[in-house]
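Student:
Protein chains: 2
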Amino acid sequence: MSNIREVAKRAGVSIATVSRAFTNPDKVSQSSLKKVMDAVDEVGYRPNMMARNFRSTKSYAVVVLVPDFANLFFSKVIRAIQETGQKHGYNILLGETRDSKEREADYLKLVETRQADGVIQLSPHIPEQELLPHPHISAVAACGACDTPYASVRMDHIAASFSIVNYLISMGHRKIGCISGLSDNPHSRDRLKGYKQALAKAGIDFDDSLLYEGNFTMQSGHDAGVYFAQLSQRPTAVFSMNDLMAVGAIKSFKEHNIRVPQDISITGFDDLDFATYTDPALTTIRQPAEEMGKKAMLLLLQILDGKPPTQQEFILKHEFVLRDSVVQFSG
Amino acid sequence: MSNIREVAKRAGVSIATVSRAFTNPDKVSQSSLKKVMDAVDEVGYRPNMMARNFRSTKSYAVVVLVPDFANLFFSKVIRAIQETGQKHGYNILLGETRDSKEREADYLKLVETRQADGVIQLSPHIPEQELLPHPHISAVAACGACDTPYASVRMDHIAASFSIVNYLISMGHRKIGCISGLSDNPHSRDRLKGYKQALAKAGIDFDDSLLYEGNFTMQSGHDAGVYFAQLSQRPTAVFSMNDLMAVGAIKSFKEHNIRVPQDISITGFDDLDFATYTDPALTTIRQPAEEMGKKAMLLLLQILDGKPPTQQEFILKHEFVLRDSVVQFSG
DNA sequence: TTGTAGGCGTTATCAA
DNA sequence: TTGATAACGCCTACAA
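Listed in order, the protein sequences are those of chains A and B. For the first sequence, the UniProt record's numbering gives the first residue as 1, with consecutive numbering after it. For the second sequence, the UniProt record's numbering gives the first residue as 1, with consecutive numbering after it.
1. Here's the rule: buried if 16 or more other CB atoms are within 10 angstroms of the residue's CB, otherwise exposed. What is Leu168/A?
2. If you check the beta carbons only, do Met218/B and Gly177/B fall under 8 Å apart?
3. Can you give me the C-alpha to C-alpha distance between Arg55/A and Ala80/A, rounded to a whole angstrom?
4. Between Gly331/A, Asn257/A, Thr57/A and Ile315/A, which lies nearest to Ala159/A when the distance is taken from Cα to Cα?
5. Output the residue ranges of the beta strand (DSSP E) runs that lie fully inside the stretch 88 to 176 of chain A and measure 3 residues or longer, sorted by chain position.
6. In this structure, does DSSP put Leu192/A in helix, strand or coil?
7. DSSP three-state label for Ser31/B, please.
8. Are three or more beta carbon pairs between the stretch 235 to 250 of chain A and the stretch 109 to 125 of chain A nearer than 8 Å?
9. Just list the residues that DSSP pairs Ile285/B with in beta bridges.
10. Output yes if chain B places a C-beta closer than 8 Å to the C-beta of Pro47/A; else output no.
11. Please state whether the Cβ-Cβ distance between Ala224/B and Ser265/B is less than 8 Å.
12. Once the 5 residues before and after Ile204/B are set aside, which same chain residues still bring their CB inside 7 Å of it?
13. Which residues does DSSP list as the beta-bridge partners of Phe228/A?
14. Which stretch, first to last residue, makes up the alpha helix (DSSP H) that contains Ser19/B?
15. Given residue 335/A, which residues of its chain have a CB within under 6 Å of its CB, disregarding the five upstream and five downstream residues?
16. Got a sec? Which residues, its chain only, sit under 6 Å from Leu72/A by beta carbon, not counting five neighbours each side?
17. So, at 8 Å on beta carbons, what are the nonlocal neighbours of Ser14/B in its own chain, with the 5 sequence-adjacent residues on each side left out?
18. Just mark Asp243/B as buried or exposed, buried being the case when its beta carbon has 16 or more other beta carbons within 10 Å.
19. Regarding Lys295/B and the ligand GTP, is the C-beta to nearest heavy atom distance less than 7 Å?
20. Can Gly172/A and Ser75/A be called in contact, C-beta distance under 8 Å?
21. I need the boundaries of the beta strand (DSSP E) containing Leu244/A, first residue and last residue.
22. Return the CA-CA distance between Ile78/A and Val64/A, expressed in angstroms with no decimal places.
23. Helix or strand or just coil, what does DSSP make of Leu65/B?
24. Since Val326/A and Thr283/A are thought to touch, with beta carbons under 8 Å apart, how far apart are those beta carbons, to the nearest angstrom?
25. Measuring alpha carbon to alpha carbon, tell me which residue in Val226/B, Asn185/B, Ser138/B and Met292/B is nearest Leu304/B.
26. Would you say the stretch 90 to 106 of chain B touches the stretch 30 to 42 of chain A, given that touching needs at least three Cβ pairs under 8 Å?
27. Spell out whether any CB of chain A is found under 8 Å from the CB atom of Lys27/B.
28. Mind listing the chain A neighbours of Gly293/B? Cutoff is C-beta to C-beta under 8 Å, in chain order.
29. Do Pro280/B and Pro261/B have their C-beta atoms within less than 8 Å of each other?
30. Can you list, in chain order, the residues of its chain with a C-beta nearer than 7 Å to that of His256/A? Leave out the 5 residues immediately preceding and following it.
31. Enumerate in chain order the residues of its own chain whose CB-to-CB distance from Asp324/A is below 6 Å, with the five nearest sequence positions on each side excluded.
32. Following the continuous alpha helix (DSSP H) through Ala202/A, name the residue where it begins and the one where it ends.
33. Does chain A have any CB closer than 8 Å to the CB of Asp113/B?
34. Can you pull the chain A residues whose beta carbon is under 8 Å from the beta carbon of Leu93/B, in chain order?
35. Taking 8 Å as the threshold (beta carbon to beta carbon), is Ser123/A in contact with chain B?
See the structure below:
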């Protein structure tokens, strides 16, 4: 592992010239440049980025705070973040929090200790327990539900769930079950609002017994399915707050010999890749995962560049995806 | 953003003492320690890890080279890597390669330029195009197929696929289709070997028309399903080289009104979370994802610590997972 | 166009 | 137990 000094000696020039040859080649004469590059090849020199970054007080790394790495939705977002970051010379440090504020604080420390320049927060914002914003931490929130006290990129979950529940109603359903995420999750709250608004608009009373609280996992969706299947007054359609739970619910409906969608319709949320491959294929809401990831990274880059964002909040459009899991109700 | 000098001044001690207070508290008197800590609180000091790492010539970061983020199998592995790394003070830099050697080289550069201390390679090893081992790069391979010229953690894919195809045969199947990954993928090769060995052992001739080359995606599994469905001599069972393709195939069988498993049995590989929730639940091979991730990280840590591993290769055990996608054939 | 030299924040060596 | 000081590798005024 050679350093710049060795290259300089070998090339018969000064350290400064070698440095310039890398960062500002046009400020170096052709002959010097050649001598330097030859020497570089000879000794196999690579600039020490740790030194360079240290010197420039920038780490060129960004931490992505993600609740659950094994959630395909986040995988997509992270991919977009990485691609965008890479184009601008930034690396991505993984920070899986698994909903632990302690772990989150640990990752935030990476910024405080200068191992990262900023943070992209993928967990939804819960004011009471939020560690961000932090005076010394550049941060952007993405994929959240409500607005945050710092820049964010998200979609309108109320409107999205409103539209899909509305669709269910337009298909003749009036007894519509709801599988929610944990009730204190902001996404759950917003999507529940949309559900209730759609019911209200159609003059349907909200029925507490049709609301089942899951936690966004397939398992909890399955549990919800069992619950609905055993209800004496079974719903004719179910609005699931994500695709994963919908899959679990479908599974348990089938186990109870309830046909989907003939006996019960169901909708999802997220439009994960496998939503096309479930049986039946899921009618769902597509979240613009890639767009959110990309936009979030660009926003953070801008902030790191010292330019405050023009808007605090960027709301991206969702998409209604029609497939086969909903059928006209004719009771 | 204050530095150690400021803390020293404030505490009325030397910078050396401040440094020791952090790295070697017991070498500092109680009174000095208190003075330092008070000063630290006052000015909100955080050690600059960039400087510290620079000084120690270690970045405490490790790059994980992963072909595809949106593959839940890798998500699990990476999670285990991160958890293990974190316990030892290491951070994880994400490196999604998407099978591009160019991108891979970019990430490897992170190690050459000292932004990372080592690499965990999750792509299977293909000797002709392999960038590793590299003289200056500490690396460990995980989840690969064949042996690598550097330390690796993997399972025996030949044995695993042998066992599951053997199970199919024991259930009376003799016409067994195979959905493989790309034929030049080492995993595909090994699993194909296991498939062929099981057939051979049962005295069944290998039939080329029963082999469909996919690429490990659901879409390609679906294509395979279409292919098998339209075959005049349809197989009675299908060995899919991963769960994802099995899901795709099941979908297309159903579209062709072929019942699974009554009309055709199928098996998967990986045992992803959703393998329980497919219809029918998948009989499959569980890869020890977490164990491989953890072991790989520990191995790399050991190498970074200057201790060469006791073995070059660690073969972890797979597990046969019996569920509902295979049924006795009684033709 | 080039070289000299100072400094980034930390740790480690060596004396005191 | 402490402090002064020399690195670590690089960049960048500044001067030549």
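From the three backbone atoms N, C-alpha and C, an ideal C-beta is built for every residue, glycine too. Source: prediction; values computed, not measured.
Tutor: The short version:
1. For the purposes of this step, residue 168/A is taken as the residue at position 168 of the first sequence. Flag for Leu168/A reads buried.
2. For the purposes of this step, residue 218/B is identified with residue 218 of the second sequence, where counting begins at 1. For the purposes of this step, residue 177/B is identified with residue 177 of the second sequence, where counting begins at 1. The answer is no: Cβ separation not under 8 Å.
3. Along the first sequence, one-based indexing puts residue 55/A at 55. Along the first sequence, one-based indexing puts residue 80/A at 80. About 29 Å.
4. The count along the first sequence starts at 1 and reaches residue 159/A at position 159. Taking only the C-alpha atoms, the option nearest Ala159/A is Ile315/A.
5. The qualifying runs are 91 to 96, 118 to 121, 138 to 144 and 152 to 155.
6. Your numbering for residue 192/A matches position 192 in the first sequence. Collapsing the DSSP output to three states places Leu192/A in a helix.
7. Here residue 31/B is taken as the residue at index 31 of the second sequence, counted from 1. Reduced to three states, the DSSP call for Ser31/B is helix.
8. Taking one beta carbon from each stretch, the stretch 235 to 250 of chain A and the stretch 109 to 125 of chain A have fewer than 3 pairs nearer than 8 Å; the two do not touch.
9. The residue given as residue 285/B occupies position 285 in the second sequence. DSSP lists Phe320/B as partners of Ile285/B.
10. Position 47 of the first sequence, counted from the start, is the residue given in the question as residue 47/A. Taking Cβ atoms only, chain B reaches closer than 8 Å to Pro47/A, which makes this a yes.
11. As a working note, residue 224/B is residue 224 in the second sequence. As a working note, residue 265/B is residue 265 in the second sequence. No, the Cβ-Cβ distance between Ala224/B and Ser265/B is not below 8 Å.
12. For the purposes of this step, residue 204/B is identified with residue 204 of the second sequence, where counting begins at 1. Excluding residues within five positions, the ones whose Cβ falls inside 7 Å are Arg174.
13. Residue numbering aside, residue 228/A sits at position 228 when the first sequence is read from its first letter. Its beta-bridge partners do not exist; DSSP assigns none.
14. Position 19 of the second sequence holds residue 19/B. Residues Ile15 to Thr23.
15. Here chain A has residues from 1 to 331 only, and residue 335/A is not among them.
16. Position 72 of the first sequence, counted from the start, is the residue given in the question as residue 72/A. Excluding sequence positions up to five before and after Leu72/A, its CB lies within less than 6 Å of the CB of Leu272, all in the same chain and listed in chain order.
17. The count along the second sequence starts at 1 and reaches residue 14/B at position 14. Once the five neighbours on either side are set aside, the close Cβ partners of Ser14/B are Ala8.
18. Taking the second sequence and counting its residues from 1, one reaches residue 243/B at position 243. It is buried - the Cβ of Asp243/B has at least 16 other Cβ atoms within 10 Å.
19. Although the ligand GTP was asked about, the structure shown includes no ligands whatsoever.
20. Residue mapping note: residue 172/A aligns to position 172 of the first sequence, counting from 1. Residue mapping note: residue 75/A aligns to position 75 of the first sequence, counting from 1. In this structure, Ser75/A does not lie closer than 8 Å to Gly172/A by Cβ.
21. Counted from its first residue, the first sequence places residue 244/A at position 244. Unbroken run through Leu244/A is the alpha helix (DSSP H), Asp243 to Glu255; no beta strand (DSSP E).
22. Within the first sequence, residue 78/A is the residue found at index 78, counting from 1. Within the first sequence, residue 64/A is the residue found at index 64, counting from 1. Computed Cα separation, rounded: 8 Å.
23. Here residue 65/B refers to the residue found at position 65 of the second sequence. Strand, per DSSP.
24. Taking the first sequence and counting its residues from 1, the one referred to as residue 326/A is at position 326. Taking the first sequence and counting its residues from 1, the one referred to as residue 283/A is at position 283. 5 Å between Cβ atoms; contact.
25. In the second sequence, residue 304/B corresponds to position 304, counting from 1. For Leu304/B, the closest of Val226/B, Asn185/B, Ser138/B and Met292/B by C-alpha to C-alpha distance is Ser138/B.
26. Proximity of the stretch 90 to 106 of chain B to the stretch 30 to 42 of chain A falls short of the contact definition, fewer than three beta-carbon pairs being nearer than 8 Å.
27. Taking the first residue of the second sequence as position 1, residue 27/B is located at position 27. Output row for Lys27/B: interface = no.
28. On the second sequence, residue 293/B is found 293 positions in, with the first residue counted as 1. For the C-beta of Gly293/B, not a single chain A residue is nearer than 8 Å; the gap to the nearest is close to 11 Å.
29. By one-based count along the second sequence, residue 280/B stands at place 280. By one-based count along the second sequence, residue 261/B stands at place 261. By the CB criterion at 8 Å, Pro280/B and Pro261/B fall inside the cutoff.
30. Translated into the one-based positions of the first sequence, residue 256/A becomes position 256. The residues are Ala229.
31. As a first step, residue 324/A must be located in the first sequence, where it is residue number 324. Once the five neighbours on either side are set aside, the close Cβ partners of Asp324/A are Pro280 and Ala281.
32. Sequence index remark: in the first sequence, residue 202/A carries index 202 (1-based). Here Ala202/A belongs to no alpha helix (DSSP H), and DSSP marks it neither H nor E.
33. Locating residue 113/B in the second sequence gives position 113, where the first residue counts as 1. With the sequence shown as reference, residue 113/B is identified as Thr, and Asp is not the correct amino acid for it. It does: the Cβ of Thr113/B has a partner Cβ on chain A nearer than 8 Å.
34. Within the second sequence, the letter at position 93 stands for residue 93/B. Going along chain A in sequence order, the residues near Leu93/B (Cβ under 8 Å) are Ala61, Asn91, Ile92, Leu93 and Leu94.
35. One-based indexing of the first sequence puts residue 123/A at position 123. The Cβ of Ser123/A sits no closer than 8 Å to any Cβ of chain B.
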